[in-house]
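Residue numbers (this note's numbering): 585 to 817.
For every residue, glycine included, the Cβ atom is placed at its ideal position computed from N, Cα and C.
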Ligand SMILES: Cc1cc2nc3c(=O)[nH]c(=O)nc-3n(C[C@H](O)[C@H](O)[C@H](O)COP(=O)(O)O)c2cc1C
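Have a look at this one:
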């Protein structure tokens, strides 16, 4: 297995922690040691106070404004929880690089245009899947799910979809529209912790935080400067 020596954070901490997150992400891709270096654990909170966590893929990291973006079903458990309580936490972990990133922030639905752009980039089979699956809802059995998939395929005149289908070319004359329940979520970040593994568990940790104010009625955010603090491991 590839092993990479651990490197401490610089003695003078960077002003914007997301520049380091971006570098770490690029290094994780370059190393190629895991299939999804952009996989992150996303934690949300239910109305009863129950936290829940799952993996989603990081699609965009905006260092300048301090936000990240992922895509999902707005009616899923995470989707509905984030509408009721937009506070969320994210963790990225690259084991072979000895690095962890913890992020906290405030989630909002991204613009329709951004969601359309991300939907358009998906393979058409996944686009049909987004229509077919009411993510997080119960389903009687796998057969019913496959039937839902075929029904959604027929609705959009797609070639056969499902486990036995072999078609790989998209039905170009019938592009699949984005379902209203599917889209991008932007997390405006107000706290970041960078963690680097150290010998004998003397890890290197630093936390950055900043204020975030949401302006009504535009819902746009303005952010204060980042403040950095080194933490004991
Ligand atoms: C590697 C990996 C990547 C995933 N990426 C996404 C994603 O980008 N968006 C998403 O909605 N679910 C993704 N999932 C599935 C979620 O982990 C989860 O099962 C699903 O979103 C339902 O979560 P919920 O019921 O808590 O809303 C991914 C799972 C794995 C293991």
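Near ligand 1, residues with a Cβ at less than 5 Å from any of the ligand's heavy atoms are 620, 623, 638, 639, 640, 641, 656, 660, 661, 662 and 720; the list follows chain order. Contact check for residue 762 against residue 651 fails: the beta carbons are separated by 8 Å or more. Note that the C-beta distance between residue 814 and residue 794 is not below 8 Å. In this structure, residue 640 places its C-beta atom within 8 Å of the C-beta atom of residue 656. Here the alpha carbons of residue 603 and residue 590 stand approximately 18 Å from one another. The shortest C-alpha to C-alpha distance from residue 654 to any of 802, 671, 635 and 623 is the one to 623. Between residue 775 and residue 688, the C-beta gap is smaller than 8 Å, which places the two residues in contact.
Boundaries of the beta strand (DSSP E) harbouring residue 793: 788-793, taken from the DSSP string.
Distance from the CA of residue 675 to the CA of residue 626, rounded to the nearest whole angstrom, comes to 7 Å. Comparing C-alpha distances from residue 646 to each of 702, 811 and 600 shows the shortest one belongs to 600. In this structure, residue 680 places its C-beta atom within 8 Å of the C-beta atom of residue 588.
For residue 623, the enclosing beta strand (DSSP E) begins and ends at 623-629.
Between residue 730 and residue 714, the alpha-carbon positions lie close to 13 Å from each other. If you keep only unbroken beta strand (DSSP E) runs of at least 3 residues inside the segment 704-742, you get nothing at all. Around the beta carbon of residue 697, a 10 Å sphere encloses fewer than 16 other beta carbons of the protein chains shown; the residue is thus reported as exposed.
Closest option to residue 683, judged by alpha-carbon separation, among 701, 618 and 778: 778.
Rounded to whole angstroms, the gap between the alpha carbons of residue 608 and residue 643 is 15 Å. As computed with DSSP, residue 646 is found in a beta bridge with 651. Membership of residue 595 in any alpha helix (DSSP H) is not indicated, and neither H nor E is assigned to it by DSSP.
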